[in-house]
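Novice: Please read through the structure below; I'll follow up with questions.
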Amino acid sequence: EKKEIGVIGLAVMGENISLNIESRGFSVAVYNLEKEMTEDFINSKAQGKSIVPAYSLEELVNTLKRPRKIWMMIKAGSPVDQTIDALLPYLDKGDVLIDGGNSDFRDTEKREMKLEKHGIHYIGMGVSGGAKGALNGPSLMPGGSREGYKLVEQILNGVAANVNGEPCCTYIGPGGAGHFVKAVHNGIEYSDMQLITEAYMILEQVLGMDASDLHKTFSEWNKGDLESYLIEITAEIFKKNDPDTGKPLIDMILDAAGQKGTGKWTVQLALDLGVPIPTIAEAVFARIISSFKEERVKASSILTGPPLQHNGNSKSFKYDVRDALSASKICSYAQGFFLMREASREYEWDLNPAEIARIWRGGCIIRARLLDKIQHAFKSLPDLDNLLLDPQLRKSLENSQPAWRKTLTKAMESGIPVPGLASALSFFDSYRREQLGANLIQAQRDFFGAHTYQRKDKDGVFHTEWE
Ligand code: 6PG
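All letters in the sequence shown, in the order written, are residues 2 to 468 by full-length UniProt numbering.
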């Protein structure tokens, strides 16, 4: 009997997606470029399940029910184009092809246009939640062919994480909308991680907390407004000891962050569209500067900063840091949704921010209690300009402000780098002020380049002979 869906790519994500699909009652055929990986999977995790191997793309296609549904879970970039080219001769009009990798949305748009000419429905889909999410229920962000989406909707809804009986999956929009929204998810993921990291540095250096204190603190924070997957795993990380040295493992890990590029794309896209997402940008730069480890080590013996002043165990300061983190997190999500708003206008995607917040509440890396509030904000006011203006979030920001400013002052006095927290506060202060200093920039531009300026009191374009 023909199978309901094919999965291409059997690295850990593809394996887990296949197992997940099968566990929801759908039969699966799997294919991997290296035959050995297919054999390994079939002989181990897939044993006794409704999963069959295919050893060529032709065989895979022939094993599937029509219209065929194929889910690629392979490395983003040229492997996707190579697979499409190799697959195309066997596909027919009406078949559906899904790319579940972290592809650049512009590549997705090109691929969709190419396949559309052959009558094939192409879906660029963001998949979040790591290996565990893939197995137990990821958050899915499918975009592209709506007709194709309808054909796989039942499978996707079955596979996705579930929150209060609703699947964390929704049709995002046409073209590359799904992959774009996944890139923004990852940008927010980067800033969430950076903000938590800054809170960790402050707690450790100002309050002298050790790994066990940090475990307790983050566990406690995970019970309140900050409740989220990333805070939860942070608490767990501080609990883990290194089997070799018996020390907390966190203290043995080299402080040089890696990245695969999705955060960088988000920032590049924001620059192209002219949208301010400074906290996400700072998170990318913070990873980059961390990666210059050797250079930093050299500089550390030459450049000096203020002496570290421990603040004893000031209990209230710990809560200041927590509130600074909460407020900054709101700003970073506000930036991500700002970017989606502008992209939606530019590309005519008609993105639904409430729905995006809804499907991020489960399965994905940035799942957080805050997303309930964000969903509520956009549901009550779909045309809300910016999340910062939502009455409920505005109130949280207002309440956190004194603690936020105090935390930053203390960090800066102590020489602790806080690019994420500081840029979030600057974003807030810039967005809320009627007056910024840009009048001076305009005067300077006009001074040296006759670039002209506008006036407050009359219409028109003006130039002054400044000298
Ligand atoms: C997810 C993650 C996942 C992965 C990225 C980011 O939503 O499940 O975002 O897609 O972790 O590849 O990785 P980098 O930190 O290496 O950019």
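Every residue, glycine too, gets a C-beta built ideally from N, C-alpha and C.
Quantities reported herein were computed from a predicted structural model and do not represent experimental measurements.
#1: Name the two residues that bound the continuous alpha helix (DSSP H) containing VAL8.
#2: Between the stretch 295 to 307 and the stretch 344 to 360, do three or more beta carbon pairs fall short of 8 Å?
#3: Apply the 10 Å Cβ neighbour rule to PHE463 and answer buried if 16 or more other Cβ atoms are within range, or exposed otherwise.
#4: Counting along the chain, where does the alpha helix (DSSP H) carrying PRO354 start and finish?
#5: Quick one: measure Cβ to Cβ for ALA358 and GLN336, integer angstroms, because I've assumed they're closer than 8 Å.
#6: State the DSSP-derived secondary structure class of HIS464, mapped to helix, strand or coil.
#7: For the stretch 115 to 123 against the stretch 276 to 285, are there 3 or more C-beta pairs whose distance is under 8 Å?
#8: LYS76: beta carbon under 7 Å from a heavy atom of the ligand 6PG?
#9: How far does the alpha helix (DSSP H) with GLY179 in it reach, from first residue to last?
#10: If ILE18 sits next to GLY149, beta carbons under 8 Å apart, how far is it from one beta carbon to the other, in whole angstroms?
#11: Would you grab the beta carbon distance between LEU422 and ALA355 for me? Rounded to a whole angstrom, and I think it's under 8 Å.
#12: Just checking, does the stretch 230 to 240 make contact with the stretch 268 to 276 on the three C-beta pairs under 8 Å criterion?
#13: I need the DSSP call for GLY15, collapsed to helix, strand or coil.
#14: Any chance the CB of HIS180 is under 7 Å from a heavy atom of the ligand 6PG?
#15: Quick check: does the Cβ of CYS332 come within less than 7 Å of any heavy atom belonging to the ligand 6PG?
#16: Looking at C-beta atoms only, is the number of pairs between the stretch 103 to 117 and the stretch 171 to 191 that lie closer than 8 Å three or more?
#17: What are the boundary residues of the beta strand (DSSP E) that includes LEU98?
#18: Measure the C-alpha to C-alpha separation of PHE318 and ILE331 and round it to an integer number of angstroms.
#19: Measuring alpha carbon to alpha carbon, tell me which residue in GLY131, SER302, GLY188 and LEU152 is nearest ALA162.
Specialist: Considering the structure as presented:
#1: Element bounds for VAL8: not the alpha helix (DSSP H) but the beta strand (DSSP E), 6 to 9.
#2: no
#3: exposed
#4: 354 to 360
#5: With 8 Å as the limit, ALA358 and GLN336 do not qualify as a contact, their Cβ atoms being about 14 Å apart.
#6: coil
#7: no
#8: no
#9: 178 to 207
#10: No, ILE18 and GLY149 are not in contact; Cβ-Cβ is about 17 Å, not under 8 Å.
#11: LEU422 to ALA355, Cβ: 28 Å. No contact.
#12: no
#13: helix
#14: no
#15: no
#16: yes
#17: 97 to 100
#18: 20 Å
#19: GLY131
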